[in-house]
Amino acid sequence: MDIHSLLQAVQGFLTNEIVLAVILSSLPLIFVLIYVLFVLYTEMKLAGHIQDRVAYMRTGWHGVLQNIADMVKLLLKEDIVPDKADKLFFRLAPYVTFAGSYAAYAVLPFSSIYIGANINLGLFFLVASGSLVVIGILMAGWSSDNKWSMLGGVRSAAQMISYELPTSLAIVIIAMITGSLNLQEIVKFQDGGIQNWLVFGGSLPLQQKLFLLPFTIITFVIFLVSSNAEINRTPFDLPEAESELVQGYFTEYSGLRFAMFYLTEYTNLFTVFAVAVSMFLGGWSSPFGSFMSGPVWGIFWFVVKTYVMVVVQIWVRWTLPRVRVDQLMYVSWKVLTPWLLFCLFAVGFILVI
Amino acid sequence: MSAFGSYFYNIFHSLYTVVVGMKITLKHLFQRSVTIQYPTVKKAIPERGRNRLFVNIDDCIGCDQCAMACPVDCITIETCKSTPDVDLGMTSKNTKKRLYVSQFDIDIAKCCYCGLCVWPCPTECIVMTDVYEFSEYDRHNLIYSFANMTADEITEAQRKLKVYDAEQAAKKAAAAAAPVPPKPEQPAPPIT
Amino acid sequence: MLQPPTLPTNYTIKPGHIKTSTGKTIRTEEMIVNMGPQHPSTHGVLRLEIVIDGEIVRECIPHIGYLHRCFEKHAEQMTNYQQVIPYTDRMDYCSAMTNEWGYALAVERMLKIEVPERVEYIRVIMAELQRIASHLIAVGTYGIDSGAFTPFLYTFIDREPILDLFEMTCGARLLYNYIWIGGLSHDLPPKFIEQAKEFCKYFRPRLKQFNDLLSYNEIFVKRTANVGVIPKDVAINYAISGPQLRGCGVDWDLRRDDPYSVYHKLDWQVQVGKGELGTSLGDCWNRHMVRMREMEQSLNIIEQALAGLPEGNVKAAIPKRIRPDKDAEIYVRTEGSRGELGYYIISDGTASPFRVKARGPAFVNLSVLPEIARGCMLADLVLIAGSIDIVLGEVDR
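Chains as they are written, first to last, in this note's numbering: chain V, 1 to 353; chain F, 1001 to 1192; chain D, 2001 to 2397.
Next comes the structure, spelled out in structure tokens:
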């Protein structure tokens, strides 16, 4: 075995299709893990400063190592499965939920050269994988032998299903304007500067854009609201309403399984705002047109725009009280959906004439 | 307002109040936080602060007023009378001490920090200090003993008291048994 | 022996049936759920046994007694009347000054002791400061119950100056032992008046900010409006008092209607729920707003009392051994932060009381919960229990 054949073997190994696919598809996983630490720190610190207090000062300088400490603590906890719980589903639920939310990373356009799977049904796939998350939550709520968890799981399922409708309608509006469900195509449609962003009407002739402008802005706002409800964040965090259901559907979970649920929440957060950014705010394209644009800059813009949206969401979370279940349904079915249908007709009308 | 109008009003009013709320939290985001980093920075305790008790046992006259005033009975005092030949000294208020204080225990875990024991003390020897960090690992360490007599001294004092009492009792018995001496002649009162 | 309250013995879980569109019937069942003694939002160790049908509450039975500490028995064991005061503090620990005042007032009336005017004014200032502090806890935790975590922190920051004022005066931040029989334990320290005036100036805009952030927020209004409505006659029949009664529209405040101390000399308004903004009288929102507005009125009272504070002694001439007549008994009621706080004292001629009964307003106010919780949703139940503003120390004593 000499060095030459060894190197050849390694090269063959790395350029093997399957191995390459595995490596490339685990890049978002690494990104997600690092990103979650970052966003957890941001959330706690922002929450602290909004509430006129400092959060996390002890571990590391101003608490930067706190999340690593939290993760280590969660990993070291005892593995408890309740006696009467449905053991298979109890053990399976966190992974199903995480798989559902991580599957969406396959179609997120991180940059012009990197997208996991450049499929023509990108947005459709996203909505479908969101439903897998619902299954996971229902499994978690049902299998822990706890009435409160079941209530939380059922509430969450109802919430997510009813908010898939406004999300899908917003996607349809975008698809009408850009003519494609492929996220990479949608971002390319918005390439060229801030005036081309879909929230301002997209790269269409100016006349059409002026008419489209109010409807795209309304669509953007409604998409943000419904995506908040999709990911169970305040003001729509009934399934995990601390003051009512202790911890909702993941009351009985501890240790690594709880860490998976926690991870899922923040993964979902990124996904949903990444989609919002790709669809409305130009994805990986730079707002200055050709200045600071390119494949590597693409990743930078994508992450920064999503991060700004996440910060806005954290700001909203720590301001507003929670909405009740029936009011949640009212908002979805009687407010968001009619307005989106109206926007749909209006956009269709404007595009046709 | 018609149902149609109230529907629109509700939506816009909700958005407006949400924006108002967000403005307030944004303002607070940029204000200084009020947290002080406790072990390194500590707030000053005011002069009248009621925290851990301290007894200056040299001033204690063993009057038991503080133990009687305590609503939770956390002070245990045992005293022993001293014999006249012993000089226990003066308190800071210039009164003579007449009692040995053989036990002065305060169970600070029971104490409710009401300060009722401080008021009746005639020599102001029991005070509330500004110490509030006195956690212990063992509950028995929270019974503070302020008396400073050793066991030998206590037994010695009790023995001396017994002896003195016996002597006094014997003297009294002798005085009662002995014949009364005749009264001396009174001189004639001066004639005014 | 008294049995704890339970569901009626003839209560059976009602099975139900839902017919689907294909003609099949699905059997449904009510669930008995426990909102246990340990729960993030029952404001203490309160156990609520709830029968729910999906999301609708059918029955709700509170089980109390987890914080019973035998206050009334302890009061009988004390060697004198003054020693009971630290125990009265600990009943409603969020509002200790009003507890002490009620008891001291009862004993003073039994012995017919007149306290100096300065003492009356200082007691009013302390009680109103305490009322603000107690209402701040109530509305802050109410925000948490409804999901807004930030207002709670703001109210606790606002409480700090009040607790600093108390610490400056009597040495303790939560349980004071300050209002004694016949006066007060200490006179006001030199810096008290200016610091109190600073607090009043600081606090008014904070109230407005809190209202903007939470009370008038549409989501909060929608959640608390028309929820847990107590009709006027039900409120009066259940002997409810305090902000809960005033939120139902009943204009009754003991500080004005059964006056004690110098409240009649100060200019302030009793705050009554008005049912504005599409809410109905007696619902959670009106109770919440009555508390917010009461805090403002308390500020007015404090400012006037500070301005009109007379000079004088803070300890009246009381006998060294307080010994009321044999078989003397008295019931005195004051307006505590949660309602009518009453003390019924029976004396047997010795230095320690024969019987001290405390009428805790939170205990009586909680008794209306099963009545108003029927038919509401589970999320509403939390808000209703929060709007009653219970402190378990007072419920259980």
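Just so you know, even glycine gets a beta-carbon here, dropped at the ideal spot from N, CA and C.
Bear in mind the structure is a predicted one, so any value in this text is a computation, not a measurement.
Are there 16 or more other CB atoms within 10 angstroms of the CB of D/Phe2166, so buried, or fewer, so exposed? buried
With a threshold of 16 other CB atoms inside 10 Å of the CB of V/Met292, please say whether the residue is buried or exposed. exposed
With a cut-off of 8 Å, does the C-beta of V/Thr267 fall near any C-beta of chain D? no
Determine the extent of the beta strand (DSSP E) in which V/Phe236 is found, giving its start and end residues. First-last for V/Phe236: undefined, no H or E at that position.
Please classify D/Asp2258 as buried or exposed, where buried requires at least 16 neighbouring CB atoms within 10 angstroms. exposed
Is the Cβ-Cβ distance between V/Ala47 and V/Trp318 less than 8 Å? yes
Which class does F/Thr1079 belong to by DSSP, given the choice of helix, strand or coil? strand
Would you kindly work out how many angstroms separate the C-alpha atoms of V/Leu340 and V/Val172, rounded to a whole number? 10 Å
Below 7 Å CB to CB, which residues in the same chain sit around D/Ala2075 once its five sequence neighbours on both sides are set aside? Val2084, Tyr2087, Pro2353 and Val2356
Hey, does F/Arg1139 have any beta-carbon neighbour from chain D nearer than 8 Å? no
Where V/Val199 meets chain F, residues with beta-carbon distance less than 8 Å: Under the 8 Å cutoff, chain F gives no residues; its nearest Cβ is about 17 Å from V/Val199.
Have a look at V/Val272 and D/Ala2196 and give me their C-alpha separation to the nearest angstrom. 50 Å
Would you kindly work out how many angstroms separate the C-alpha atoms of V/Phe354 and V/Tyr249, rounded to a whole number? Since the first residue of chain V shown is 1 and the last is 353, residue 354 of chain V is not available in this structure.
D/Val2051 and D/Ile2032 closer than 8 Å at C-beta: yes
When DSSP labels each residue in this structure, what does D/Met2091 get in the three-state scheme? coil
DSSP-derived helix/strand/coil call for F/Ser1145: strand
Of all the CB atoms in chain V, is at least one closer than 8 Å to the CB of D/Val2057? no
On the three-state DSSP scale, how would you describe V/Val107? helix
When the cut-off is 8 Å and only beta carbons count, does D/Met2289 lie next to chain V? no
Quick check on D/His2264 - is its C-beta less than 8 Å from some C-beta in chain F? no
Which residues mark the beginning and the end of the beta strand (DSSP E) in which D/Glu2335 is found? Lys2326 to Gly2336
Counting contacts by CB-CB distance shorter than 8 Å, is V/Val366 in contact with chain D? This structure does not reach residue 366 of chain V, given that chain V is present from 1 up to 353, and the question cannot be answered.
N- and C-terminal bounds of the alpha helix (DSSP H) containing D/Asp2164: Thr2150 to Cys2170
For the segment 50-73 of chain V, list every residue whose C-beta sits within 8 Å of some C-beta in chain F, in sequence order. Ile50, Gln51, Asp52, Arg53, Val54 and Met57
C-alpha gap between F/Phe1012 and V/Tyr330, whole angstroms: 15 Å
For a contact defined as C-beta to C-beta under 9 Å, what are the partners of V/Pro82 on chain D? Going along chain D, no residue has its Cβ under 9 Å from V/Pro82, so there is no contact; the nearest lies around 16 Å.
Where V/Ser243 sits in the DSSP three-state scheme: With a pLDDT of only 48 at V/Ser243, under 50, the local geometry of the prediction cannot be trusted, and the value read off the model is given with reservation. In this structure, V/Ser243 counts as helix in the three-state DSSP scheme.
By the three-class DSSP mapping on this structure, what secondary structure does D/Gln2083 have? helix
Selection of the segment 308-332 of chain V by Cβ proximity to chain F, strictly under 7 Å: Trp315, Val316, Trp318, Thr319 and Leu320
Kindly list, in the order they appear in chain D, the residues whose Cβ is closer than 8 Å to that of V/Pro235. Gly2147 and Ile2219
Does V/Val335 have its Cβ less than 8 Å from a Cβ in chain F? yes
Minimum length 4: unbroken alpha helix (DSSP H) runs contained in the segment 2357-2381 of chain D: 2361-2366 and 2369-2373
For V/Phe90, which residues from the same chain have a beta carbon less than 7 Å from its beta carbon, with the 5 sequence-adjacent residues on both sides left out? Val81, Ser143 and Ser144
According to DSSP, what are the bridge partners of D/Glu2059? D/Val2051
Interface positions of the segment 126-152 of chain V facing chain D (Cβ-Cβ less than 8 Å), listed along the chain: Lys147, Trp148 and Leu151
Based on DSSP bridge pairs, tell me the residues matched to V/Phe124. Looking at the DSSP assignment, V/Phe124 forms no beta bridge with any residue, so it has no partner.
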